[in-house]
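*Asks:*
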Amino acid sequence: SAALYVVPTPLGNLADLTRRAEEILRTVPWVAAEDTRHSGPLLKQLGARARTLPAHQHNEHEAAARIVERLQAGESVALISDAGTPGISDPGARIVAAVRAAGGRVVPLPGPCAATTALSASGLLDEHFLFYGFLPSKGGQRRQALGELRDYPCALVFYEAPHRVLETVADMATVFGERTLVIARELTKLFETVHSLPLAEALAWLQEDTNRQRGEFVLMLSGAPAGGDDGEGKRVLKLLLADGL
Ligand code: SAM
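Numbering (UniProt numbering), first residue to last: 9 to 253.
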């Protein structure tokens, strides 16, 4: 029967498209894409004949309704985003929810995701991790969000844009003090680097060479040390709040 296939696409290296993803994209009549122009070359390369429909942040409601209609007409739809897994810091969740609410079938495919790829190479020893995704873009809100994560005893995983990586790393150092930071950049691409260092040294390391500030980033922090920190977290949060954020 018809289904909505949630299909992860490569983060950079096209060989990371799974065989199953390839087969689905080649055979479904419809592909719902975050950016149809961006995904065009991939679909063309696969010899996919699917018609595309746009499914981005600003039309997700509308796209969801169209996709439900297609499924009800017995036609399967593959949902893709620009890179990685749809619904993970990307549009898709609303569409999946709408299909479920309409009683439709949702089939998720495993595949590329920057967070899990980065984490697997991080060497962070925490048993648990918290995926945060993007922090707020405004400094005060960002420091507040970081402050709220300060006592979590698990690795913290963030996505960040290149033009904000310096301010975010500076804020992390202010809020967290002593932690390990792992910077994963340009995963699966030519300039892939995964670098682990004390958080306090990270800003200087990034500033040393502007190439280190380019590309796509996953930032990972080791978790709060076990046994709490004698109210240090509360002290810093209070300071931040007194600052008016
Ligand atoms: N849905 C995607 C996923 O499954 O990872 C994430 C989409 S989100 C809009 C884009 C962010 O993911 C980037 O700003 C960056 O933080 C991270 N990212 C995507 N590709 C990456 C790569 N090749 N290397 C490092 N980070 C990447």
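For each residue, glycine too, the CB sits at the ideal point set by N, CA and C.
Count the other C-beta atoms from every protein chain shown that fall within 10 angstroms of the C-beta of Glu70, then say buried if there are 16 or more, exposed otherwise.
*Replies:* Looking up residue 70 in the sequence shown gives position 62. It is exposed - the Cβ of Glu70 has fewer than 16 other Cβ atoms within 10 Å.
*Asks:* Taking only heavy atoms of ligand 1 into account, decide whether any of them is closer than 7 Å to the Cβ of Val226.
*Replies:* On the sequence shown, position 218 is the one that residue 226 refers to. Yes, the Cβ of Val226 comes within 7 Å of a heavy atom of ligand 1.
*Asks:* Taking all protein chains shown into account, decide if Asp179 is buried (16 or more other Cβ within 10 angstroms of its Cβ) or exposed.
*Replies:* Taking the sequence shown and counting its residues from 1, one reaches residue 179 at position 171. Result: buried.
*Asks:* By the DSSP assignment, the alpha helix (DSSP H) with Ile88 in it spans what residues?
*Replies:* Residue numbering aside, residue 88 sits at position 80 when the sequence shown is read from its first letter. Where Ile88 is concerned, there is no enclosing alpha helix (DSSP H), although the beta strand (DSSP E) it sits in stretches over 85-88.
*Asks:* If you measure from the CB of residue 269, is any heavy atom of ligand 1 nearer than 7 Å?
*Replies:* Look at the range of the chain in this structure, 9 to 253, and you will see that residue 269 is not part of it.
*Asks:* At a threshold of 7 Å, does Ser89 count as lining ligand 1 (C-beta to nearest heavy atom)?
*Replies:* The sequence position of residue 89 within the sequence shown is 81, counting from 1. Under cutoff, so the answer is yes.
*Asks:* Are there any heavy atoms of ligand 1 lying less than 7 Å away from the beta-carbon of Thr26, as far as the coordinates show?
*Replies:* Taking the first residue of the sequence shown as 1, we reach residue 26 at position 18. Answer for Thr26: no, Cβ out of range of ligand 1.
*Asks:* Determine the closest residue to Ser230 out of Ser84, Leu117, Thr188, Arg158, with distance taken between C-alpha atoms.
*Replies:* Translated into the one-based positions of the sequence shown, residue 230 becomes position 222. Considering only alpha carbons, the answer is Thr188.
*Asks:* Need the endpoints of the alpha helix (DSSP H) that His46 sits in, please.
*Replies:* One-based indexing of the sequence shown puts residue 46 at position 38. Start and end: 44-54.
*Asks:* With 16 other CB atoms within 10 Å as the buried threshold, where does residue 254 fall?
*Replies:* Residue 254 lies beyond the range of the chain shown here (9 to 253); nothing can be said about it.
*Asks:* Under the rule that 16 or more other beta-carbon atoms within 10 Å means buried, what is Thr35, buried or exposed?
*Replies:* As a working note, residue 35 is residue 27 in the sequence shown. When all chains shown are included, Thr35 counts as exposed.
*Asks:* Counting along the chain, where does the beta strand (DSSP E) carrying Ala192 start and finish?
*Replies:* Within the sequence shown, residue 192 is the residue found at index 184, counting from 1. 188-193 is the span of the beta strand (DSSP E), which, as asked, contains Ala192.
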